[in-house]
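Asks: Protein chains in written order, with our numbering: chain A, 131 to 464; chain B, 187 to 421. Handing you this structure, nothing more for now.
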Ligand SMILES: [Zn+2]
């Protein structure tokens with residue numbers, strides 16, 4: 131069974147073809163990062179225009195790499211939310227057209243579910259239940275997953291998403307946009323204990339997050355140092371900031387896993403590309419006797435293989451979406 | 187040859203199927219809430235007419251200018267259907283479709299689509315045997331600017347489109363020389379587009395599928411702000 135995946139929820143145009151639930155035949159991403167860099171953030175109208183330009187040639191290329199034709203597709207899966215509504219609509223229009231013209235089964239997929247299911251591509255699904263940490267530029271969320279496609283949101287960020295905090299601090303440090311990867315690299319040369327930044331809500335006992343206080347503390351530190359005429363060691367600053375963010379995520383995730391007695395933690399979303407987060411979560415999981423899964427780097431950031439895999443799993447359960455399914459910019463997991 | 191027409195540049199979604207013999211099916215829905223309903227409409231049309239998608243030999247899409255989000259849904263749907271069915275595609279400016287709908291007038295034709303933010307998309311046409319011929323460029327401007335342009339033309343004009351209806355007062359100031367087309371013709375119709383497109387498909391004057399893109403005529407707000415800052419910096 132071959133499933134086409136289409137993902138256009140933000141600034142990446144992505145198309146994938148998968149077979150038998152999780153074998154990747156093609157997984158292509160046309161990144162718009164350069165288009166948005168000068169604006170210091172993703173511009174919705176610019177993103178939507180770029181999707182219309184990139185999507186159709188990308189579908190051709192994906193099918194060619196997968197060695198199949200439109201007629202060979204059994205299913206079409208597309209992100210229907212959350213995301214930028216105008217951007218989502220481009221992918222949804224294309225996906226409906228492909229499914230309608232080929233007769234393939236059509237399924238709308240939640241983008242966050244895609245990030246979670248990215249874990250099953252390389253590892254296959256471990257025995258449920260799981261606790262999932264979904265962290266990206268737009269989301270920071272702890273989720274209890276008792277079984278396939280079942281979700282209960284345990285907690286979320288009360289202000290900035292973790293990825294947003296990374297990007298804002300990176301920009302403040304002059305590392306450009308998006309700054310997450312650059313900050314990660316710089317932090318490797320710094321001392322994570324150099325500056326004691328606050329670990330907000332680490333001991334509150336709930337599953338919520340808050341990163342705006344940390345962001346303010348970092349900016350205040352930089353201003354204070356430069357006002358005093360001292361040079362700020364950017365590597366130390368990056369490492370200390372990153373450590374504070376990672377600390378909170380690791381301790382909250384492992385605490386939730388222990389509390390719910392789950393044996394597997396799944397990480398998903400662009401921020402999971404952060405090497406320190408992967409390292410620390412793996413170590414903490416090993417100490418607690420909890421398995422920690424995360425996708426390889428290419429499957430952490432937005433891609434269509436994860437949408438195809440989540441969609442294929444739903445199609446296998448007999449689920450279908452009607453052709454009048456709408457884009458939902460604020461679509462919830464549960 | 188059966189041509190499928192898709193036109194979504196205004197708050198109306200319009201889909202039609204037709205041949206050189208005429209229109210076989212045509213459906214218009216003016217809904218502000220749903221701008222992503224081309225495939226469901228097409229599904230109904232095929233159901234009700236008994237026609238099959240595999241019999242479609244060409245796809246014509248309205249390129250705008252118009253409301254960006256809905257416009258993209260129509261263009262993307264049309265491009266993808268043409269790609270999957272391996273049939274030629276033709277992108278047609280939506281202002282041309284509006285003018286084509288009133289081609290039998292002897293007046294100068296002004297096609298005017300509401301561009302929001304107090305502006306209209308517009309272009310001028312003359313009726314010619316078999317259709318219309320555009321005179322001048324596609325533009326976006328406040329209705330007052332268009333009124334001044336029409337005043338300068340010193341000619342009898344027929345204005346058509348939702349922009350003409352919305353700004354009737356401003357555009358009427360040109361005087362008795364201006365006439366307005368019926369509100370029934372306020373939106374570009376896919377059926378008119380099919381009629382306009384069929385001869386071109388037969389002459390094989392089609393577009394390269396991946397190059398079919400909306401006619402925006404306006405940059406994104408972020409780009410406009412960026413350009414203004416850049417201009418400020420060099421000035
Ligand atoms: Zn994402």
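A virtual CB, placed ideally from N, CA and C, is assigned to each residue, including glycine. None of the values given here were measured: they were computed from a predicted structure.
Tell me whether the stretch 292-311 of chain B and the stretch 347-359 of chain B touch, counting them as touching only if at least three CB pairs, one residue from each stretch, are closer than 8 angstroms.
Replies: Yes, they touch.
Asks: Note down, in chain order, all residues in the stretch 374-395 of chain B with a beta-carbon under 9 angstroms from any beta-carbon belonging to chain A.
Replies: Result list: 395.
Asks: Beta-carbon separation of residue 159(A) and residue 208(A) under 8 angstroms?
Replies: Not in contact: residue 159(A) and residue 208(A) (Cβ atoms no closer than 8 angstroms).
Asks: Just checking: is the beta-carbon of residue 421(B) within a distance shorter than 8 angstroms of some beta-carbon in chain A?
Replies: Note that residue 421(B) scores a pLDDT of 47, beneath 50, so its modelled location is shaky and nothing firm can be said.
Asks: Buried or exposed: where does residue 410(B) fall if 16 or more other Cβ atoms within 10 Å of its Cβ makes it buried?
Replies: Under this definition residue 410(B) is an exposed residue.
Asks: Can you tell me which of the three DSSP states residue 143(A) falls into?
Replies: The answer is strand: DSSP assigns residue 143(A) an E or B state.
Asks: May I ask you to list, following chain order, the residues of the stretch 222-250 of chain B that have a beta carbon less than 8 angstroms from some beta carbon of chain A?
Replies: Against chain A - using a Cβ distance shorter than 8 angstroms - the residues of the stretch 222-250 of chain B are 222, 223, 224, 225, 226, 228, 229 and 239.
Asks: Hey, is residue 367(B)'s beta-carbon within less than 8 angstroms of any beta-carbon in chain A?
Replies: Chain A contact via Cβ: absent.
Asks: What residues from the stretch 166-184 of chain A come within 7 angstroms of chain B, judged by C-beta to C-beta, listed N to C?
Replies: Cβ contacts with chain B: 168, 169, 173, 175, 176, 178, 182 and 183.
Asks: Determine the chain A residues that contact residue 266(B) at a beta-carbon separation under 9 angstroms, and present them in chain order.
Replies: Near residue 266(B) (Cβ distances below 9 angstroms), the residues of chain A are 185, 186, 189, 223, 224, 225, 226, 227, 228 and 231.
Asks: Output, in chain order, the set of chain A residues within a Cβ distance shorter than 9 angstroms of residue 354(B).
Replies: Result: empty, since nearest Cβ-Cβ is about 30 angstroms, beyond 9 angstroms.
Asks: Exposed or buried, residue 235(A), counting other C-beta atoms within 10 Å across all chains shown (16 or more means buried)?
Replies: Buried.
Asks: Strictly by DSSP, which residues pair up with residue 262(A)?
Replies: According to DSSP, residue 262(A) bridges with 273(A) and 396(A).
Asks: Based on the DSSP secondary-structure assignment, which residues constitute the bridge partners of residue 190(B)?
Replies: The partner list for residue 190(B) (beta bridge, DSSP) reads 203(B) and 245(B).
Asks: Taking 7 angstroms as the cut-off, is the C-beta of residue 432(A) nearer than that to any heavy atom in ligand 1?
Replies: Answer for residue 432(A): yes, Cβ within range of ligand 1.
Asks: Could you check the C-alpha separation between residue 220(A) and residue 259(B) for me, to the nearest Å?
Replies: Residue 220(A) and residue 259(B): Cα-Cα distance of roughly 6 angstroms.
Asks: Does the distance between the C-beta of residue 171(A) and the nearest non-hydrogen atom of ligand 1 fall short of 7 angstroms?
Replies: No, ligand 1 has no heavy atom inside 7 angstroms of this Cβ.
Asks: Expressed to the nearest angstrom, what Euclidean distance is found between the alpha-carbon atoms of residue 324(A) and residue 395(B)?
Replies: Approximately 57 angstroms between the Cα atoms of the pair.
Asks: Would you tell me roughly how many angstroms separate the C-alpha atoms of residue 137(A) and residue 145(A), rounded to the nearest one?
Replies: About 7 angstroms.
Asks: Just tell me which of 255(B), 271(B) and 214(B) has its CA closest to the CA of residue 245(B).
Replies: It is 271(B) whose Cα lies nearest to the Cα of residue 245(B).
Asks: Leaving out the 5 sequence neighbours to the left and right, which residues in its chain are closer than 7 angstroms to residue 376(B) when beta-carbon positions are compared?
Replies: Closer than 7 angstroms at the Cβ level, and outside the excluded window around residue 376(B), lie 191, 192, 193, 200, 201, 202 and 212.
Asks: Which one of 369(B), 385(B) and 402(B) has the shortest CA to CA distance from residue 284(B)?
Replies: Of 369(B), 385(B) and 402(B), the residue nearest in Cα terms is 369(B).
Asks: Expressed to the nearest angstrom, what Euclidean distance is found between the alpha-carbon atoms of residue 232(A) and residue 202(A)?
Replies: Each residue's Cα considered, the two are about 9 angstroms apart.
Asks: If you run the structure through DSSP and keep just helix, strand and coil, what is residue 317(B)?
Replies: In the structure shown, residue 317(B) sits in a strand (DSSP, three-state: E or B).
Asks: Assign residue 297(B) to one of three DSSP states: helix, strand, or coil.
Replies: In this structure, residue 297(B) counts as strand in the three-state DSSP scheme.
Asks: Whole alpha helix (DSSP H) runs in the stretch 366-410 of chain A with 4 or more residues, listed along the chain?
Replies: Whole alpha helix (DSSP H) segments, 4+ residues: zero.
Asks: Please determine if the stretch 409-418 of chain A and the stretch 190-202 of chain A are in contact, where contact requires at least 3 C-beta pairs separated by less than 8 angstroms.
Replies: The stretch 409-418 of chain A, when compared against the stretch 190-202 of chain A, does not touch it at the 8 angstroms Cβ threshold.
Asks: Can you check which of these residues, 317(A), 261(A) and 289(A), is closest to residue 405(A) by C-alpha distance?
Replies: Measuring from the Cα of residue 405(A), the nearest candidate turns out to be 317(A).
Asks: Please classify residue 169(A): does DSSP put it in a helix, a strand, or coil?
Replies: Coil, per DSSP.
Asks: What's the C-alpha gap between residue 246(A) and residue 439(A)?
Replies: Rounded to whole angstroms, residue 246(A) to residue 439(A) spans 10 angstroms at the Cα level.
Asks: Classify residue 163(A) as buried or exposed, calling it buried when 16 or more other Cβ atoms lie within 10 Å of its own Cβ.
Replies: By the 10 Å Cβ count, residue 163(A) comes out exposed.
Asks: To the nearest angstrom, how far is it from the Cα of residue 293(A) to the Cα of residue 330(A)?
Replies: Approximately 16 angstroms between the Cα atoms of the pair.
Asks: Kindly say whether residue 254(B), judged by its beta-carbon, lies nearer than 8 angstroms to any beta-carbon of chain A.
Replies: Taking Cβ atoms only, chain A reaches closer than 8 angstroms to residue 254(B), which makes this a yes.
Asks: Is residue 401(B) helix, strand or coil when you go by DSSP?
Replies: Coil.
Asks: Thinking C-alpha only, which one of 142(A), 256(A) and 360(A) is nearest residue 177(A)?
Replies: For the residues 142(A), 256(A) and 360(A), the minimum Cα distance to residue 177(A) belongs to 142(A).
Asks: When you compare each of 260(A), 384(A) and 287(A) to residue 267(A) by their alpha carbons, which one comes out closest?
Replies: The candidate whose alpha carbon is nearest that of residue 267(A) is 287(A).
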